[in-house]
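Undergrad: Have a look at this one.
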Amino acid sequence: AGSQTEIRAGGLRGGSPRSVLAAPGALRIHDVALDGRLLLSREEERRTIGFRRGGAAEKDLCWTSHAQVAALSSDGGSALVTVYDDRGSGTGTSWLRGTDGSAPEALGPGEAADLSPDGRWAVVLRHGGSDTLALLPARGGEARTLVLPRVERYHWARFTPDGTALVVSANEPGRKIRLYLLDLGTGDSRPVTPEGVGFLLPLSAAGDAVTSEDLDGRTRLFPLAGGAPRDVPGLLPEENLLLWLPGDTAFLAARPDEVPLRVYRVDRTTGARTLHAEVGPSERNGLRSVWPVAFSRDGAAVAFNVSRLFSQLFVATGAR
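When the count follows the numbering used here, it moves up by one through the sequence shown with no breaks and lands on 321 for the last residue.
In structure tokens:
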């Protein structure tokens, strides 16, 4: 609906600017000649979702524009995806799609955050007049609205490995962001990090701690039962921790700005690292980013967003 950017003209002495040229995509001026010719480009961003298991060939899971992968099921058989409106905005709708390429299934409104370990539930965030957190059934059942008392805004949520609770990034009115543990059986909740520590990274495979950044920007493990946070040896300052592997003896990490994404397996004890996977499409034309990414529990399967930018260069005459 409408153009992303258009070329407009305005008088040097004021007055309302007027449209000169509009088109699908984004228009960008590169130069203007004295005779009125314009050197301009039309730019179009295209986003897709790729999937790969081990050394198998890449699959394209995207069926629409402006879709973003949120999570993979534990076995890598399903991908949880948010689809935004045709301008890439709005609160979004959550979908589930089999990584075998089967037809996608709409789960309901809300920004997808995570899939339960048994694949039965998706947790979604709904922003609007008042934020809500909801569980949507992926395999039968009734949707549930979840409540954290006094919370003003929900930022993200992840299931614990046993599926009995959520770790939620949220903030109360007038207070800083922090992480909370929400028991799905009783509805009880309590904070598990200090105020200001609310960047929700993966939970340990054992489910006893959550990864986040402390007040000094260091990535650390915060025990869910309380206690002092623990360091994460081997993680470089510019890397994001992506997954704790079974047994918690190693984790996967990558720099989000790398294209393609080089994912390393890092030994938690020694800090030794080996290349686990190079994530990205085989076709690199127009490639801008490979982010975000989501792994199966064992790290063997990965789904990833691919952003490409294509442009066409024009000389336009007769601009007034």
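Cβ atoms here follow ideal geometry from the backbone N, Cα and C, with glycine treated the same way.
#1: Evaluate S170 with the Cβ neighbour count: other Cβ atoms within 10 Å of its Cβ, from every protein chain shown; 16 or more gives buried, anything less gives exposed.
#2: Would you report the Cα separation of R274 and F305, rounded to the nearest angstrom?
#3: For K60, list the residues DSSP reports as bridge partners.
#4: Based on the DSSP secondary-structure assignment, which residues constitute the bridge partners of P224?
#5: Between W245 and the rest of its own chain, which residues show a CB-CB distance below 6 angstroms, the 5 nearest in sequence each way excluded?
#6: Would you call the region 35 to 51 and the region 264 to 272 in contact, with 3 or more CB pairs under 8 angstroms?
#7: Looking only at its own chain, which residues have a Cβ that is under 8 angstroms from the Cβ of R98, when we skip the five neighbours before and after it?
#8: Looking at C-alpha atoms only, which residue of I50, A24, D36 is the closest neighbour of S42?
#9: Assign T250 to one of two classes, buried (16 or more other C-beta atoms within 10 Å of its C-beta) or exposed (fewer than that).
#10: Measure from the alpha carbon of G130 to the alpha carbon of each residue in L136, Y155, A226, G109, then state which is nearest.
#11: How far does the beta strand (DSSP E) with A27 in it reach, from first residue to last?
#12: Along the chain, which unbroken stretches of the beta strand (DSSP E) at least 3 residues long are found entirely within the region 92 to 153?
#13: Using three-state DSSP, classify A2 as helix, strand or coil.
#14: Do L134 and V124 have their C-beta atoms closer together than 8 angstroms?
#15: So A254 packs on L243, CB below 8 angstroms; how close in whole Å?
#16: Where Y85 and A320 are concerned, what is the direct C-alpha to C-alpha distance, given to the nearest angstrom?
#17: I'd like the span of the beta strand (DSSP E) that includes H277, first residue to last.
#18: So, helix, strand or coil for A320, using DSSP?
#19: Return the CA-CA distance between F160 and S213, expressed in angstroms with no decimal places.
TA: Working from what's here:
#1: Of the residues assessed, S170 falls on the buried side of the cut-off, its CB having 16 or more other CB atoms within 10 angstroms.
#2: Distance between the alpha carbons of R274 and F305: 22 angstroms.
#3: According to DSSP, which records beta bridges pairwise, K60 is partnered with F52.
#4: A210.
#5: Cβ neighbours of W245 within its own chain (closer than 6 angstroms, five residues either side excluded): P203, S205, A206, F252.
#6: Counting C-beta pairs closer than 8 angstroms gives fewer than three between the region 35 to 51 and the region 264 to 272, which falls short of the contact rule.
#7: For R98, the CB contacts under 8 angstroms within the same chain, skipping 5 residues up- and downstream, are L62, W64, S79, A80, V82, A104, P105, E106 in chain order.
#8: Of the listed residues, the one whose Cα sits closest to S42 is A24.
#9: So T250 counts as exposed.
#10: Taking the Cα of G130 as reference, the smallest distance to any Cα among L136, Y155, A226, G109 is reached at Y155.
#11: First-last of the beta strand (DSSP E) with A27: 27 to 33.
#12: Within the region 92 to 153, the complete beta strand (DSSP E) runs of at least 3 residues are 94 to 99, 106 to 110, 112 to 116, 122 to 127, 133 to 138, 145 to 147.
#13: For A2, the pLDDT reaches just 49, beneath the cut-off of 50, and the residue's location in the model is therefore unreliable, although a value from the coordinates is still provided. Here DSSP, grouped into helix, strand and coil, assigns A2 to coil.
#14: In contact: L134 and V124 (Cβ atoms closer than 8 angstroms).
#15: 6 angstroms between Cβ atoms; contact.
#16: In a straight line, the C-alpha of Y85 is about 35 angstroms away from that of A320.
#17: That run of the beta strand (DSSP E) goes 274 to 280.
#18: In the three-state reduction of the DSSP assignment, A320 falls in the coil class.
#19: Pairing F160 with S213, the inter-Cα distance amounts to about 15 angstroms.
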